[in-house]
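A quick write-up on the structure given underneath.
Numbering (full-length UniProt numbering), first residue to last: 1 to 142.
If you want it as structure tokens, here you go:
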């Protein structure tokens, strides 16, 4: 018999857990129940994740940009035009906020949006509840 392995050593690795994705999915389920009107408008920007270079290049050509926030709620409240959330998993499973993510948050904040980092579902729920409790921003019609 030769010295070749019959079983890959990769077969025994634990699959990585997408804590952020699971928590974010739970957040959207909560949003559907607690704030159905907000749920109708809120969306996730599927910017993250690892992709094959060809797919990444194609998406970049279609407008995908590094740093764009994970969750957008285009409901005007409290003088803001909407809410942007950079969502991270609950510590210790969270990842650091990148320079491009921080820069994007500052850019949309300068445009009149509330823009925050939320670490975990509980923090995001607190932010969304607070945002939804604010009075609607009044649109000036021209």
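In this text, a Cβ means the ideal position worked out from N, Cα and C, and glycines have one as well.
Check, Outcome
"Less than 6 Å between C-beta atoms, sequence neighbours within five positions excluded: which residues of the same chain meet that for residue 89?", "19, 20 and 23"
"Given 8 Å as the limit, is there contact between the region 78 to 95 and the region 103 to 123, that is, 3 or more CB pairs closer than that?", "yes"
"With distances taken Cα to Cα, identify the nearest neighbour of residue 126 among 76, 27 and 58.", "27"
"Rounded C-beta distance between residue 135 and residue 78? I'm assuming under 8 Å.", "7 Å"
"Using a 10 Å radius around the Cβ and a threshold of 16 neighbouring Cβ atoms, would you call residue 42 buried or exposed?", "buried"
"Applying the 10 Å Cβ sphere with the 16-neighbour rule, what's the burial state of residue 115?", "buried"
"Counting along the chain, where does the alpha helix (DSSP H) carrying residue 81 start and finish?", "No alpha helix (DSSP H) holds residue 81; DSSP gives it neither H nor E."
"Rounding to the nearest angstrom, what Cα-Cα distance links residue 99 and residue 139 in this structure?", "33 Å"
"May I ask you to report which of helix, strand or coil DSSP gives residue 133?", "helix"
"For a quick check, are the C-beta atoms of residue 97 and residue 72 less than 8 Å apart?", "no"
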